[in-house]
């Protein structure tokens, strides 16, 4: 097992022992991986995925073609990202890093995850299936990558009130317009009959990010109805993230999603009116 090393960031560990590396089963991949850079994690994954069977079977070649090698490289990158996000979430919950440092680190990791997932649309149906296949203990990372925004954004509350009020004073109108555009974009797509996951999911994530980060005062804890409606969109994001990019939601799902969006839009407009008073 890798041993945690106390640092200012709380994100570093010692490399796994030679005994740990000698067990090249899938379980060992997730339990003993070092927590260095993304590149070192990717290299470790590639080196340990080629393992000998329980009964002394011959070593299985890691890849036979350039395409297979490319796919495995992307899978190694995905593995590294998930591991890093898991450690980052743990450090943030333990309050060993600030909210600002957490957001600066989490945002790029989420972006890299999305880009890598697109390259593995056929091989990796969802982040959950990937974590289960390689026996990764990464529940926090799976949740964060499904939602697609940092925890500080998803759970925006009173701690961001001062910043939110500043946004409201300086550029509230522009932020409200941006949110309205995000609403209309996804609603128009649904009205035009769009049901593809790869088309709808980016729109929904963009909407959630705008509502949570740029105008978070609209969804403070005092407005339980708006919070519930926003949570429905979070659930849609999680559901679509578990589907293949080529999948399509049913007509019934499209109708329900449109209904949920309309409900959130009405709550949004009501909050805009209240905050502008």
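Residue numbers (the UniProt record's numbering): 1 to 277.
The beta carbon of each residue, even a glycine, is placed where N, CA and C say it ideally should be.
Contact between residue 179 and residue 210 is confirmed by a C-beta separation of about 5 Å, below the 8 Å threshold. Taking all protein chains shown into account, residue 150 has 16 or more neighbouring C-beta atoms within 10 Å of its C-beta and is therefore buried. In this structure, residue 144 places its C-beta atom within 8 Å of the C-beta atom of residue 85. Shortest Cα-Cα distance from residue 212 to any of 225, 199, 231 involves 231.
Within the same chain, Cβ atoms closer than 6 Å to the Cβ of residue 183 are found at 265, the five residues on either side in sequence being excluded. Rounded to whole angstroms, residue 139 and residue 89 show a C-alpha spacing of 10 Å. In the displayed model, residue 126 falls within coil according to three-state DSSP, outside both helix and strand.
Around the Cβ of residue 83, a 10 Å sphere holds 16 or more other Cβ atoms; the residue is buried.
Here the C-alpha atom of residue 176 lies approximately 13 Å from the C-alpha atom of residue 208.
Contact check for residue 271 against residue 226 passes: the beta carbons are separated by less than 8 Å. Between residue 241 and residue 146, the beta carbon gap of about 5 Å places them in contact (Cβ cut-off 8 Å). Only residues of its own chain outside the window of five on either side were considered, and among them 186, 233, 236, 237, 240 have a CB closer than 8 Å to the CB of residue 204, listed in chain order. Residue 81 is positioned such that its CB atom lies no closer than 8 Å to that of residue 104. Beta-carbon to beta-carbon, residue 78 and residue 124 are separated by about 7 Å, close enough to satisfy the 8 Å threshold. As DSSP reads the structure, residue 229 sits in no beta bridge.
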